[in-house]
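Residue numbers (this note's numbering), protein chains in the order written: chain A, 1 to 489; chain B, 1001 to 1302.
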Amino acid sequence: MSDSKNKVAHDFGPTGSVLEQMDTHNKNLENIGVEILPIHTGGTVHAKRIPGFFRTLKWIVASAWLLFFIGPYLRWNGHQAILFELESRQFHIFNLTILPQDIWMLTLVLLFCSMLLAASTTVGGRLWCGYACFQTVWTDVFTWVEEKIEGQPNKRIKLEKAPMSINKFWIKFKKHVVWLFLGFLTGFTFVAYFVDAFDLWGRLFHFEWTLVETGIIVALGLATYFFAGILREQTCIGFCPYARIQGAMIDTQTELPTYDLERGEPRGRLKRVKPGEKAPELGDCIDCNLCVAVCPTGVDIRYGQQFGCITCGLCIDACNSVMEKLKKPKGLIRYASLAEFGGEELPALWKRPRVIVYVGIMFAALAMLVWGAFNMAAIDVKALHERSPLYVQMSNGTIQNKWTVKVVNKGNEPMKAEVTATGPQDLTFKSGSILNIQPGNVGSVTLYVQIPKKTLTDASTPIVIKVVDLNNPVVFEEYESNFIGPKVP
Amino acid sequence: MAHKNPWPDEGNTGHIWDEDLRELDNPPPLWWMLSFYAGFIMIIFYTLYYPTIPLTNASGEFTKGMTGWTQINEYQDDFKVLKDWRTAKFADKEEQLASLSVEDILKDEELRSYAVATSKALYGDYCAACHASGGAGITNFPVLADDDWLWGGSIAQIEATIANGRIGNMPAKGMMGNLSDQEISDVTDYVIALSEGKGDDVAYAAGKAVYTKGMCMACHGPAGTPMAPTGAANLADGIWRFGSDRDTVLSVIKNGVNVKKNGVHIEGTRQAVMPSFKERLPNADVNIKRLAVYVHSLGGGQ
């Protein structure tokens, strides 16, 4: 702390900001500031809406969620484009059919997403929380509805305090009906990814939903209503584990909405200076509290980065609008890293180890996904060697082994699978009839392989079981197995 | 504990230690208390509803809950649902198994795999004790997975074997029971040579003569291969009914199989009997066919 370069210099008194004690070389949580806990405890947060760059950006990003609602109605080759059929265990995504055997790809998708989350958080703070998270987006829409029905924040607070009346009940009733409808749509859309969407609508009006469908739609609908309408920012502060994890991913080089302490302090309201009186020396912050009023989680950004802040940038819009009126330069609150405020230069993105590692893993996962999507075999073969007996001596002096060969048709066309075996020269085999396997189904055939006893040089001889789709001979799979014989002295 | 309460208005319980250490009365939130009471009510309900009390009544039965619910009943009910479902789903297959002949069942690939798939438990219960799982065989009990059949390996013959059973039969010391010990020793060497493909060697000429004299060929055929499947072993292949070592072969020739004197097995004779399963198997009509198909598919059916 003695090194003045690493310390923000102040000539004014204590402001309560963590920036005062900031050591930009130390990356502990305490020094970054995410562990201070000034959270809003004054009941429901009624955030003001102010137009601006980040407000627009928020809507644009949020509108990506419209795809979620449109998704179930897209058609592809006569069936629903995105459909996760649980009963037949087939996941259709446009032309791609994913069977449970390929579920490893899901882990790669998850890996990619988690690394994207980590990388974006390291670079730009809680970008997911602030712009894209469904909790943020749904809360945003729910409060927008609230504002349309109940009015601006001051009106809402007044209404909240007013005793119950027919008028208040009517206003509240309208709001809750709209909220519940949005919740219902959310639950319905979710379920529509698992059963045909149009069919689900049709059965709604005939009251023919199954118990499971009804249960999930009602539960998800109520959960949406509860989390986005009632709990709102408390979810981010009190429930969401990712909020805390992401807080820990932020370091002093992360660009976050940050209050420029040096420029803003000492804060104070503008007063008319009487002639002869000396104007007090004030910073640019006029302590209008607009940044707090617009905050959807009710934090005061001027304390520095804190765990209640979802880094949505709405305080930047608010502050900029005030600075504009005051004819002062914008950016009293701006996206900046603590290192910048500490007078250091930000290293380029590709020079930051964390970014390199995160992005590296991200692209590795992506590459494997792409490889997997293009190389997904249309056929899956498992050959189970008979264990009792391992081998049989036949009357013509050969040794016989038996396999149960299971063939999964992972393609979209019916398959005619032929099972053959190759190995030592004198190998002969006998397999059942050619398997006709429907898409997504499993066929099973018994394969008998015989090798003359005198040909065997070892108790275990490698052989290859090959399965070919006669309808489309480019589709085949080879399965390596071992032929077991008596011990050769 | 102090006897005076210097903080009468702060809502403490009056329990004060060490001058100022005092217990405050901070009741838990209402919702918390309500769930606590609800938990108590739940316990009472649970105790009454489920078989909770670990005591027996006069007749030795356990104490039942108010509704008589038990875990095993629930399991059995659930299992019945599964069983009914299974019965309904495969009713047509079972019907086909009952009405078709084993040959026809074998021809229908789907029906054949159904018969094989539903045989495993049955085979384990009724056959595996002697023939081992998968038909691997045990010493003195025939291997079913090979293609060497004493009584024939066609599906109909297998079916007949399972239905009616088989009794092995081989006289001691040759057909007439008149071979000397030296002759038995010679013919033992000869049949072992037969299985190795060396039966025509001059070295075994003596044994070969005994083979003719003892009328072994009546059942085992002139060159060790039986003419018809009558329970006689094929001596020309490498598969032995009772064991391939010389002592075992010699003992079988000397004492025979199922040789009886005055209704009692003579000492040293092999007792080779396969019981009839017509009466032993439940639902024998269908299950014999099912097992015949299974055994036929083990690896050596003809």
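For each residue, glycine too, the CB sits at the ideal point set by N, CA and C.
Since we're looking at a predicted model, the values are computed, not measured.
Three-state class that DSSP yields for residue i in the structure shown
{"i": "His-1296(B)", "result": "helix"}
{"i": "Thr-1070(B)", "result": "coil"}
{"i": "Tyr-335(A)", "result": "strand"}
{"i": "Ser-481(A)", "result": "strand"}
{"i": "Arg-1307(B)", "result": "This structure leaves residue 1307(B) out entirely; chain B is present only between 1001 and 1302."}
{"i": "Ile-1047(B)", "result": "A small fix is needed here, since residue 1047(B) is Thr in this sequence, not Ile. If DSSP states are grouped into helix, strand and coil, Thr-1047(B) belongs with the helices."}
{"i": "Trp-59(A)", "result": "helix"}
{"i": "Gly-342(A)", "result": "coil"}
{"i": "Trp-209(A)", "result": "coil"}
{"i": "Trp-1007(B)", "result": "coil"}
{"i": "Asn-409(A)", "result": "strand"}
{"i": "Val-474(A)", "result": "coil"}
{"i": "Pro-462(A)", "result": "strand"}
{"i": "Ala-1284(B)", "result": "helix"}
{"i": "Met-115(A)", "result": "helix"}
{"i": "Ala-64(A)", "result": "helix"}
{"i": "Arg-1022(B)", "result": "strand"}
{"i": "Ala-421(A)", "result": "strand"}
{"i": "Asp-469(A)", "result": "strand"}
{"i": "Glu-386(A)", "result": "coil"}
{"i": "Ser-1276(B)", "result": "coil"}
{"i": "Lys-1014(B)", "result": "Per the sequence shown, the amino acid found at residue 1014(B) is Gly instead of Lys. Three-state result, Gly-1014(B): strand."}
{"i": "Glu-85(A)", "result": "strand"}
{"i": "Gly-16(A)", "result": "In this predicted model, Gly-16(A) has a pLDDT of only 49, less than 50, meaning its place in the structure is not dependable enough to derive any value."}
{"i": "Pro-1027(B)", "result": "coil"}
{"i": "Phe-429(A)", "result": "strand"}
{"i": "Pro-486(A)", "result": "coil"}
{"i": "Leu-349(A)", "result": "helix"}
{"i": "Leu-1034(B)", "result": "helix"}
{"i": "Met-1170(B)", "result": "strand"}
{"i": "Thr-1056(B)", "result": "strand"}
{"i": "Gln-101(A)", "result": "helix"}
{"i": "Gln-1157(B)", "result": "helix"}
Within chain B, the residues that residue i reaches when beta carbons sit closer than 7 Å
{"i": "Pro-414(A)", "result": "Result: empty, since nearest Cβ-Cβ is about 16 Å, beyond 7 Å."}
{"i": "Val-392(A)", "result": "Val-1143, Ala-1145, Asp-1146, Gly-1299"}
{"i": "Gln-400(A)", "result": "Gly-1299"}
{"i": "Ser-433(A)", "result": "Glu-1109"}
{"i": "Gly-397(A)", "result": "Gly-1238"}
Where residue i meets chain A, residues with beta-carbon distance less than 7 Å
{"i": "Ser-1133(B)", "result": "Ser-388"}
{"i": "Ala-1136(B)", "result": "Ser-388, Pro-389"}
Any non-hydrogen atom of the ligand NAP closer than 7 Å to residue i Cβ
{"i": "Pro-439(A)", "result": "This structure simply doesn't include the ligand NAP, nor any ligand for that matter."}
Short Cβ contact (8 Å threshold) for residue i with residue j
{"i": "Gln-450(A)", "j": "Ile-399(A)", "result": "yes"}
{"i": "Val-405(A)", "j": "Val-381(A)", "result": "yes"}
{"i": "Val-475(A)", "j": "Ala-378(A)", "result": "yes"}
{"i": "Glu-418(A)", "j": "Leu-470(A)", "result": "yes"}
{"i": "Arg-126(A)", "j": "Ile-310(A)", "result": "yes"}
{"i": "Val-1249(B)", "j": "Arg-1270(B)", "result": "no"}
{"i": "Pro-389(A)", "j": "Ala-1206(B)", "result": "no"}
{"i": "Thr-1230(B)", "j": "Cys-1219(B)", "result": "yes"}
{"i": "Leu-314(A)", "j": "Pro-329(A)", "result": "no"}
{"i": "Thr-1067(B)", "j": "Tyr-1049(B)", "result": "yes"}
{"i": "Ala-228(A)", "j": "Cys-236(A)", "result": "no"}
Proximal residues of chain B, C-beta to C-beta of residue i below 8 Å
{"i": "Tyr-448(A)", "result": "Gly-1299"}
Contact set between the stretch 130-146 of chain A and chain B, restricted to residues whose Cβ is under 8 Å from the partner: Listed by position, the residues of the stretch 130-146 of chain A near chain B (Cβ gap below 8 Å) amount to none.
Please list the segments of the alpha helix (DSSP H) lying wholly inside the stretch 1103-1154 of chain B, counting only runs of 4 or more residues, in order along the chain. Uninterrupted alpha helix (DSSP H) stretches at least 4 residues long and entirely within the stretch 1103-1154 of chain B occur at 1109-1117, 1120-1126, 1128-1131, given in chain order.
Members of the stretch 1227-1239 of chain B that neighbour chain A once the beta carbon cut-off is set at 7 Å: The residues in question are Asn-1234, Asp-1237, Gly-1238, Ile-1239.
Determine which residues of the stretch 1205-1227 of chain B have a Cβ less than 9 Å from any Cβ of chain A, and write them out in chain order. Here the close residues number zero.
Any chance you could list the alpha helix (DSSP H) runs of at least 4 consecutive residues sitting entirely within the stretch 1194-1268 of chain B, in chain order? As far as the stretch 1194-1268 of chain B is concerned, its whole alpha helix (DSSP H) runs of at least 4 residues are 1205-1213, 1217-1220, 1246-1255.
Minimum length 4: unbroken alpha helix (DSSP H) runs contained in the stretch 121-187 of chain A: Those alpha helix (DSSP H) runs which fall completely within the stretch 121-187 of chain A and span 4+ residues are 134-150, 153-161.
Write down every uninterrupted run of the alpha helix (DSSP H) in the stretch 235-318 of chain A whose length is 4 residues or greater and which is fully enclosed by it, in chain order. Counting whole runs of 4 or more residues, the stretch 235-318 of chain A contains the alpha helix (DSSP H) stretches 241-249, 261-264, 290-293.
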